[in-house]
Amino acid sequence: MRDDREPERRPGRRDVLLMGAGTLGSLGLAACSGSGGGGDAGAAGDPRKGRITVWSWQGPAAELKALIPEFNKTYPDIQVTVEDIGNPAIWDKITAGMAAGGRGLADILHIGVDYLPGYVERFPGGLADLAPLGANTHKDAFAPGLWGTVSPDGKRVNALPWEANSAGFYYRADLFERAGVDVEALQTWDETIEAGKKLKAKTGAYLLGIDKPASQPDAANFFQMLLQLQGAFYFDLEGRITLDSPAAVRAMTLIKTMNDAGLVSDLAGGWNALMSSLKRGTAAVLPWPTWFGGVIEEQVPTEAGKWKVRLPPAVRRGGPTAATVNSTHLAIAGSSRHRAAAWSFIEFALTRPASQVRIYRGKGIAPALMKAYDDAVFHQPSAFFSGQRKGETFLAALKAPSPAVNYTSDYARALKLVTDAQSKVLLKGADPAKVLRAAADDLARQTGRKAAR
984 MRDDREPERR PGRRDVLLMG AGTLGSLGLA ACSGSGGGGD AGAAGDPRKG RITVWSWQGP
1044 AAELKALIPE FNKTYPDIQV TVEDIGNPAI WDKITAGMAA GGRGLADILH IGVDYLPGYV
1104 ERFPGGLADL APLGANTHKD AFAPGLWGTV SPDGKRVNAL PWEANSAGFY YRADLFERAG
1164 VDVEALQTWD ETIEAGKKLK AKTGAYLLGI DKPASQPDAA NFFQMLLQLQ GAFYFDLEGR
1224 ITLDSPAAVR AMTLIKTMND AGLVSDLAGG WNALMSSLKR GTAAVLPWPT WFGGVIEEQV
1284 PTEAGKWKVR LPPAVRRGGP TAATVNSTHL AIAGSSRHRA AAWSFIEFAL TRPASQVRIY
1344 RGKGIAPALM KAYDDAVFHQ PSAFFSGQRK GETFLAALKA PSPAVNYTSD YARALKLVTD
1404 AQSKVLLKGA DPAKVLRAAA DDLARQTGRK AAR
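Quick note: the sequence shown uses this note's numbering, first residue 984, plus one each step.
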């Protein structure tokens, strides 16, 4: 499960990303490209020998450490040290290392999807190109859409996918049953809102919760999920701003409709408020990704059999119900003098099904590697989730078509403007189209990017 890192991760995202895009982004760019030159295969070192260091955090770091004994059976002369840097501390440390021309960076860096484009754009050469090391041989091994994230131009490969979390719809089946609602029959969010009205009237429970004042940067998670269910995001693949696209307005309008109907509880305070709401049963739906199922099991173990999970309803009838809403990756620093050895470890950890199955069993980290899902662990009934085969639910999502998502180096700025716009909608009843257009205009002024209108 990833609850051991998630409470730490979110509060620091906005500040660290903005720092990387601003102050540190202007430092050391030329030095990065001279610190190892990601495309220089001749300087990559020996693929079977070397001392390499890996930076990760909490649970993922522990699982990488657990792989080392098995790895050393095949590569006895590669010494691997995994360091738990913590989250969000790791983003500060990577950003500072890249700004210093790569000095002090680990060989292997665990990087979230929202940070990867910023590092690539702001620090040319800061990450090694994995294509000369053989990364393209694994191009079709991962969940659809992820290769476009790590290799936007189809040539250079900036990282290899590790985990892929799909949008989920965890719900209290017992509450919906009391309200006389068949959750599995809900096809759209409009239908879900109507069901939420019955739910509130019969049980007193809210449909879902949102951090209305945006006290934490993850306050826009639900909005972002609704966007991705429409194949949209804050930017298009050309990097143009799409904060006020029809899909964005539709997503924010749905949120306003829920809120105006009294179906949205306030999760001001972030993670602690969410955990308190979960334990008190404030909301009947938790629209969170794959990994959150483990959090529910740990936080409310006595509610086994009351919970179920499905993919989210579509935004529009007949539309997608699957979206890969976040992922993490392993990259190699351009400054590494042991890139070949580092690649040997990354291949062992991320392209070998047995490694990914072990990691899933240990911490519930959902693999991006599709072949890993052949293992029985992903097809076992869950007693907690009413006998459902939870792994198969999310496997179906990963198999579905999923467009690449372009976070760009300006994601943090977009995130801040989106959460502010959402707060105006939720707390002041603002018009979604107007606040999103204003946000898009502000983002254009801040970044110099064009709006896709």
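Beta carbons are placed, not taken as given, at the ideal position from N, Cα and C, and that holds for glycine.
query	result
Nearest neighbour of Pro1296, chosen from Tyr1154, Thr1064 and Asn1055 [CA to CA]	Tyr1154
Continuous beta strand (DSSP E) assignments of at least 3 residues falling wholly in the stretch 1303-1391	1307-1315
Counted within 10 angstroms of its Cβ, other Cβ atoms place Ala1422 as buried (16 or more) or exposed	buried
For Arg1293, the first and last residue of its enclosing beta strand (DSSP E)	Trp1290 to Arg1293
Reference Ala1197; option with closest CA among Val1292, Met1235 and Lys1399	Lys1399
Spatial distance of Trp1172 from Leu1182 (CA atoms)	14 angstroms
DSSP beta-bridge partners of Asn1148	Asn1309
Three-state secondary structure (DSSP) of Ala1234	helix
Under the three-state DSSP convention, the category Asp1425 falls into	helix
Runs of beta strand (DSSP E) lying entirely within the stretch 1146-1185, each at least 3 residues, in chain order	1152-1155
Whole beta strand (DSSP E) elements within the stretch 1239-1268, 3-residue minimum	1247-1249
Same chain, Cβ closer than 7 angstroms to Leu1169, five either side skipped, listed in chain order	Thr1175, Ala1178 and Pro1296
As assigned by DSSP and simplified to three states, the class of Arg1034	strand
Supposed close pair Ser1149, Thr1307 - CB separation, criterion 8 angstroms	6 angstroms
Backbone CA spacing between Gln1405 and Ala1203 [nearest angstrom]	8 angstroms
Contact under 8 angstroms by Cβ, Ala1231 with Thr1225	yes
Val1065, DSSP secondary structure in three states	strand
Same chain only: Cβ atoms within 6 angstroms of Ala1434, ignoring 5 sequence neighbours per side	Ile1224, Ala1423 and Ala1427
Neighbourhood of Gln1211 by C-beta distance below 8 angstroms, restricted to the same chain and skipping five residues each side	Ala1150, Ala1306, Thr1307, Val1308 and Val1388
Own chain, CB closer than 8 angstroms to Gly1412, minus 5 neighbours either side, in chain order	Lys1239 and Asp1243
Selected residue, minimal CA-CA separation from Pro1209, among Gly1302, Met1353, Glu1104 and Asp1249	According to the sequence as given, residue 1209 is Leu; it is not Pro. Comparing Cα positions, the closest option is Gly1302.
Other residues of its chain near Thr1036: CB distance less than 6 angstroms, five sequence neighbours each side excluded	Thr1064, Ala1089 and Asp1090
Nearest candidate by alpha-carbon position, reference Lys1122, set Pro1144, Arg1105 and Ala1111	Pro1144
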